[in-house]
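A quick write-up on the structure given underneath.
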Amino acid sequence: MGRHPTNVTYLAYLEAMREIRDIKTYFTYSVRLFNGTIQNPILSRWVDPCELVRRPPVDRIIRMYYDPIIKNSRIKRCPFKRGESMLLNITPSILPIPKFIPETDFYLEAKTYTRMRTKVIFESRVFGSLIIPVLSKMDCKFNKRIINMTCTLDQSSSITNQSVSMDMLVIREVKDVKLTFEYHVLSESSDTTNRIFQRTVDFCSYIKRPSSDRLMKVVFDHMKRNSRFISKCPVAKNEKLYLHDIRPAAIRIPGFLPESSFVFKTIYQTAVLLVPIVDVRYHGKLVRFENSELEDQLNTITNQSISFELKVLREVKELKLVAAYYVVSGDSMNRLVQRTVDFCSYVKRPNNDRLVKVFFDHVKHNSRFISKCPVAKDECFYIHGIRPADIRIPGFIPESSFIFDNNYHSGTLLEPIAEIRYYGKFIRFMNKDLERSQPKGSRN
-9 MGRHPTNVTY
1 LAYLEAMREI
11 RDIKTYFTYS
21 VRLFNGTIQN
31 PILSRWVDPC
41 ELVRRPPVDR
51 IIRMYYDPII
61 KNSRIKRCPF
71 KRGESMLLNI
81 TPSILPIPKF
91 IPETDFYLEA
101 KTYTRMRTKV
111 IFESRVFGSL
121 IIPVLSKMDC
131 KFNKRIINMT
141 CTLDQSSSIT
151 NQSVSMDMLV
161 IREVKDVKLT
171 FEYHVLSESS
181 DTTNRIFQRT
191 VDFCSYIKRP
201 SSDRLMKVVF
211 DHMKRNSRFI
221 SKCPVAKNEK
231 LYLHDIRPAA
241 IRIPGFLPES
251 SFVFKTIYQT
261 AVLLVPIVDV
271 RYHGKLVRFE
281 NSELEDQLNT
291 ITNQSISFEL
301 KVLREVKELK
311 LVAAYYVVSG
321 DSMNRLVQRT
331 VDFCSYVKRP
341 NNDRLVKVFF
351 DHVKHNSRFI
361 SKCPVAKDEC
371 FYIHGIRPAD
381 IRIPGFIPES
391 SFIFDNNYHS
401 GTLLEPIAEI
411 RYYGKFIRFM
421 NKDLERSQPK
431 GSRN
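For the sequence shown, the working numbering assigns the number -9 to the initial residue and increments by one for each residue that follows.
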């Protein structure tokens, strides 16, 4: 059920043809590479469904999936009598994804047994990908002597429901069509691009034998839905073609493409001299697919801010800062890093401590903070609108719950002045440009 692959729901109706006293299911999650040529299992679990119904699971991975599935399903207790049935309601887009799962194509297999794991009752296989393309812009250019064209990128919904539409009218007969498509990776730190691959295809030959190019078939199999595109050559004069509601997030992404910003070019040409017909360029980013609940909360999460107002009641001649970062797992707390800094020396030579500089460079915006020592009596300071989501996080910090301590001390005996403790969690962050609401589309 569901119109689009990103919000589809699977319903499994099971009816017992005879009594079933015990059930065991074996799940295997495998990473797929090179269009399924290589499949490596990275996770497997035996599950007793009868026991799950009687007593919710303790295993955290199983519990992650048990809660959302059991909530929307109709499941009976064991044993199952003849004629009894149950209904499984599974919506993949609302299921959480463990962070250790790599962003590649995957293959999930479930085999269910009875009679002490000796007889298979049913088995299922699911193929998919955890990477989706999110578009930020689409550029369309076309040869007005050959074709008239309108392009629309609809970004009015969530990033998983972006859509691309094109309407075309052929002005004169086109006898042959060559398609060149290129994929470029953009560097995050500069404007440089690196071409990952380029392919030129005789489009007229391809539509006769679509299985001849597997990479191209991935895209064009998806395009054929809700569309009327070139189906034979030559393409007649006054032919009307259209591609409607193409969802980038529903296209399967080859496993060799990195999670990065990209430009994807599709260039259509004709004749021996390769006269250009259409040039469409898609600008965007490949991101890990997150469940829809997290996606709906992103605007709130990334707009958190912190503010302080301070007044010094007596002169402070020297100041020490002790910063400690703890990784939190359940009830345990492990200190990952601790740094003691002479803050008076730091404000004179901020380049001496790069780690502290990462945070205090950000604090200086919209703020008035300590800039010299001693700090005079009745001095007032403020830190306004500090956004945690804008702070650059060092690469060695793991994606987990955390506690971050900031303790300020003065004097030889390290008399405490202020203690600030932040509690939070690192989550995978998507480009801010993708989160902002934008106009419905652009037309060329």
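Ideal Cβ positions, reconstructed from N, Cα and C, are used throughout, including at glycine.
#### Entry: DSSP-derived helix/strand/coil call for Glu5
Taking the sequence shown and counting its residues from 1, one reaches residue 5 at position 15. It is a strand residue.
### Query
What are the partner residues of Cys130, as DSSP defines its beta bridges?
If you number the sequence shown from 1, residue 130 lands on position 140. Paired residues: Val270.
### Task
Measure the alpha-carbon distance for Glu74 versus Met128 and round it to whole angstroms.
By one-based count along the sequence shown, residue 74 stands at place 84. By one-based count along the sequence shown, residue 128 stands at place 138. Computed Cα separation, rounded: 53 Å.
### Query
Should the segment 76 to 91 be called in touch with the segment 239 to 258, which here means at least 3 C-beta pairs below 8 Å?
Verdict: no, contact absent.
### For Arg115, three-class secondary structure by DSSP
The residue given as residue 115 occupies position 125 in the sequence shown. Reduced to three states, the DSSP call for Arg115 is strand.
#### Entry: Backbone secondary structure at Phe90 - three-state DSSP
Stepping through the sequence shown from its first residue, residue 90 is reached at position 100. Coil at Phe90, not helix or strand.
### Task
Could you tell me the distance, in whole angstroms, from the CA atom of Phe246 to the CA atom of Ser221?
Counted from its first residue, the sequence shown places residue 246 at position 256. Counted from its first residue, the sequence shown places residue 221 at position 231. Near 30 Å, if we compare the C-alpha coordinates of Ser221 and Phe246.
### Message
So, for Asn138: in the same chain, excluding its five sequence neighbours on each side, which residues have a beta-carbon less than 8 Å away from its beta-carbon?
### Response
Numbered from 1 along the sequence shown, position 148 holds the residue referred to as residue 138. Around Asn138: Phe132, Met158, Leu159 and Ile161.
### Query
For Asp12, which option in Val21, Lys71, Tyr56 and Tyr316 has the closest C-alpha, if you only look at C-alpha atoms?
The residue given as residue 12 occupies position 22 in the sequence shown. Per the Cα distances, Lys71.
### Query
Terminal residues of the continuous beta strand (DSSP E) containing Glu99?
As a first step, residue 99 is located in the sequence shown; it is residue number 109 there, counting from the start. Element bounds for Glu99: Asp95 to Thr104.
### Query
DSSP state of Pro456, grouped into three classes?
Shown here, the chain extends from -9 to 434; a query on residue 456 therefore has no answer.
### Anticipated Cβ contact below 8 Å, Val265 with Pro224, distance rounded
Counting from 1 along the sequence shown, the entry for residue 265 is found at position 275. Counting from 1 along the sequence shown, the entry for residue 224 is found at position 234. 14 Å between Cβ atoms; not a contact.
### Task
Closer than 8 Å by C-beta to Lys54: which residues in its own chain qualify, once you throw out the five before and the five after it? Chain order, please.
For the purposes of this step, residue 54 is taken as residue 64 along the sequence shown, with counting starting at 1. In the sequence on display, residue 54 carries Met and not Lys. Contacts found: Leu85, Pro86 and Pro88.
### Task
Classify Arg53 as helix, strand or coil using the three-state DSSP reduction.
The residue given as residue 53 occupies position 63 in the sequence shown. Helix, per DSSP.
### Query
Sorted by chain position, which residues of the same chain lie with C-beta nearer than 6 Å to Pro340's C-beta, five sequence neighbours on each side aside?
On the sequence shown, residue 340 is found 350 positions in, with the first residue counted as 1. The answer, listed in chain order, is Lys347.
#### Entry: Residues sharing a beta bridge with Pro406, DSSP
Within the sequence shown, residue 406 is the residue found at index 416, counting from 1. Pro406 is bridged to His399.
### Query
Excluding the five sequence neighbours on either side, which residues of its own chain have a C-beta within less than 6 Å of the C-beta of Phe254, listed in chain order?
For this step, residue 254 is matched to residue 264 along the sequence shown. Hits under 6 Å: Tyr173 and Tyr272.
### Task
Take Phe187 and list the residues in its own chain whose beta-carbon comes closer than 6 Å to its own, dropping the five residues that flank it on each side.
Counting from 1 along the sequence shown, the entry for residue 187 is found at position 197. Within the same chain, Phe187 has close Cβ partners Tyr173.
### Task
Taking only the alpha-carbon atoms, compute the straight-line gap between Met7 and Asp95 and give it to the nearest angstrom.
Numbered from its first residue, the sequence shown carries residue 7 at position 17. Numbered from its first residue, the sequence shown carries residue 95 at position 105. CA-CA distance, Met7 to Asp95, rounds to 36 Å.
### Query
Any heavy atom of the ligand MG within a distance shorter than 8 Å of the CB on Ser221?
Although the ligand MG was asked about, the structure shown includes no ligands whatsoever.
### Task
Please list, in chain order, all residues of the same chain as Asp257 whose beta carbon is under 6 Å from its beta carbon, the five residues on each side excluded.
Here the question's residue 257 lines up with position 267 in the sequence shown. Just to set this straight, residue 257 is Ile in the shown sequence, not Asp. These residues qualify, in order along the chain: Thr170 and Asp269.
### Message
Check for me: the beta strand (DSSP E) holding Arg64 runs from which residue to which?
### Response
Here the question's residue 64 lines up with position 74 in the sequence shown. Counting along the chain, no beta strand (DSSP E) covers Arg64, and no H or E run does either.
### Query
Whose CA, out of Arg35, Tyr316 and Ile10, lies closest to the CA of Lys101?
For the purposes of this step, residue 101 is taken as residue 111 along the sequence shown, with counting starting at 1. Among Arg35, Tyr316 and Ile10, the Cα nearest to that of Lys101 belongs to Arg35.
### Task
Over the uninterrupted alpha helix (DSSP H) stretch that includes Val365, give me the two end residues.
As a working mapping, residue 365 is identified with position 375 in the sequence shown. Careful: Val365 lies outside any alpha helix (DSSP H) and carries neither H nor E.
### Query
Can we say the segment 301 to 312 touches the segment 373 to 388, given the rule of at least three CB pairs closer than 8 Å?
no
### Task
Tell me whether the beta-carbon of Ile236 lies closer than 9 Å to the beta-carbon of Ser155.
On the sequence shown, position 246 is the one that residue 236 refers to. On the sequence shown, position 165 is the one that residue 155 refers to. Contact flag set, yes.
### Which listed residue (Arg218, Ile122, Val43 and Asp166) has its alpha carbon closest to that of Ser195
For the purposes of this step, residue 195 is taken as the residue at position 205 of the sequence shown. When each option's Cα is compared against that of Ser195, the closest is Asp166.
### Message
Is the separation between the beta-carbon of Ile80 and that of Leu1 shorter than 9 Å?
### Response
To locate residue 80, count along the sequence shown from 1; it is residue 90. To locate residue 1, count along the sequence shown from 1; it is residue 11. Yes, the Cβ-Cβ distance between Ile80 and Leu1 is below 9 Å.
### Task
Can you tell me the Cβ-Cβ gap for Ile410 and Asn396, rounded? I've got them flagged as a contact below 8 Å.
Here residue 410 refers to the residue found at position 420 when the sequence shown is read from its first residue. Here residue 396 refers to the residue found at position 406 when the sequence shown is read from its first residue. Rounded, the Cβ-Cβ distance is 4 Å, consistent with contact.
### Query
With a Cβ-Cβ cutoff of 9 Å, do Lys301 and Asp368 count as a contact?
Stepping through the sequence shown from its first residue, residue 301 is reached at position 311. Stepping through the sequence shown from its first residue, residue 368 is reached at position 378. Result yes, Cβ atoms of Lys301 and Asp368 sit closer than 9 Å.
### Query
Which same chain residues, not among the five before or five after Tyr315, have their C-beta less than 6 Å away from its C-beta?
Taking the sequence shown and counting its residues from 1, one reaches residue 315 at position 325. Taken in chain order, the residues that qualify are Leu326, Val327 and Phe394.
### Query
For Phe386, is the classification buried or exposed, using 16 other Cβ atoms within 10 angstroms of its Cβ as the cut-off for buried?
Position 396 of the sequence shown holds residue 386. With fewer than 16 other Cβ atoms from the protein chains shown falling within 10 Å of its own Cβ, Phe386 counts as exposed.
### Query
Apart from the five residues just before and just after Asn324, which ones in its own chain have a Cβ nearer than 7 Å to its Cβ?
Your numbering for residue 324 matches position 334 in the sequence shown. In its chain, beyond the 5 residues on either side, Tyr316 and Val317 have a beta carbon closer than 7 Å to the beta carbon of Asn324.
### Task
Answer yes or no: do Ile91 and Leu120 have a C-beta to C-beta separation smaller than 9 Å?
By one-based count along the sequence shown, residue 91 stands at place 101. By one-based count along the sequence shown, residue 120 stands at place 130. Yes, Cβ-Cβ distance for Ile91 and Leu120 is below 9 Å.
### Query
DSSP three-state call for Asn324: helix, strand or coil?
As a first step, residue 324 is located in the sequence shown; it is residue number 334 there, counting from the start. In the structure shown, Asn324 sits in a strand (DSSP, three-state: E or B).
### Message
Could you compute how far the alpha carbon of His461 sits from the alpha carbon of Phe392?
### Response
Lying outside -9 to 434, the shown extent of the chain, residue 461 is not represented and no answer is given.
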